[in-house]
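Contents: one structure, followed by commentary.
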Amino acid sequence: MVKVGFICEGDVEKILIESPDFQNLLKRLDLECIKPIINATGKDNLLPHRILEHRENLKDKQAEIIIIITDLDDLSCITLTKQRIKPLENEIIIVSVKQIESWFLADSESMSTLFKQKYFFEFPEREMIPYETIRRESLRIREQGFGKNAKLKFAAKYIRNGFSIENAANHPNCPSARYFINKLQSLSKIHS
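For the record, in the sequence shown the residue sitting at position 17 is 17 according to my numbering, with numbers rising by one throughout.
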């Protein structure tokens, strides 16, 4: 079993990694999640001089691989985003395009459940602020929304009620989620 530590840019990423569905995915792939899952509380806290302590803590807990999850946000290049963090040996950087909530839009099954009708969003990774897109779509379809400042509450409920990173990865236009799943599979002893 490969021991994997996670450093997340923020709350939503941490909630996703902590979720029972994601933890079950890791178990199926024969990956052990090292606790605690670290919330860096912002992308600037993923810079090399600020992330050092987190890296050392996870290695002290026997993490063989560290996965760092961040958003692309308004940056133009995944490669530059990764270089900014300066990954070390045995570290993988996962960059969600534009924000991790684009993966929510890509999970058509969960969005269909949320909206109580068949739903497919064609280009989730083109949305600059995908949470706002979800809010607008909810108002349009359900005539019911959620507050602008309710993103964390929405994310926790959405993840708890069936969001699947695997579903998002199967979306034809969500390559960042597919990349994440592929990386997890490549770490798995099942696939080695």
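Note that beta-carbon positions come from the ideal geometry of N, C-alpha and C, so glycine has one too.
Apart from the five residues just before and just after residue i, which ones in its own chain have a Cβ nearer than 8 Å to its Cβ?
i: I94; result: I67, I68, I69, T70, S176, Y179, F180 and K183
i: D73; result: K43, K98 and Q99
i: E109; result: G162, S164 and N167
i: M1; result: D30, L31, E32 and K189
What does the Cβ neighbour count give for residue i, buried or exposed, with the cut at 16 atoms within 10 Å?
i: N39; result: buried
i: L114; result: buried
i: L31; result: buried
i: S96; result: buried
Could you spell out where the alpha helix (DSSP H) holding residue i opens and where it closes?
i: D44; result: From DSSP, D44 is part of no alpha helix (DSSP H); its letter is neither H nor E.
Residue i by DSSP, collapsed to three states: which one?
i: I100; result: coil
i: I129; result: coil
i: D71; result: strand
i: K183; result: helix
i: L25; result: helix
i: K3; result: strand
i: E91; result: strand
Between residue i and the rest of its own chain, which residues show a CB-CB distance below 7 Å, the 5 nearest in sequence each way excluded?
i: I15; result: A155, A156 and I159
State yes or no: is the C-beta of residue i within less than 9 Å of the C-beta of residue j?
i: E137; j: F121; result: yes
i: K116; j: R142; result: yes
In chain order, what residues of the same chain lie with their CB nearer than 6 Å to the CB of residue i, ignoring the 5 residues before and after it?
i: H171; result: A106
i: G5; result: I34, L58, A63 and I66
Over the uninterrupted beta strand (DSSP E) stretch that includes residue i, give me the two end residues.
i: E32; result: L31 to C33
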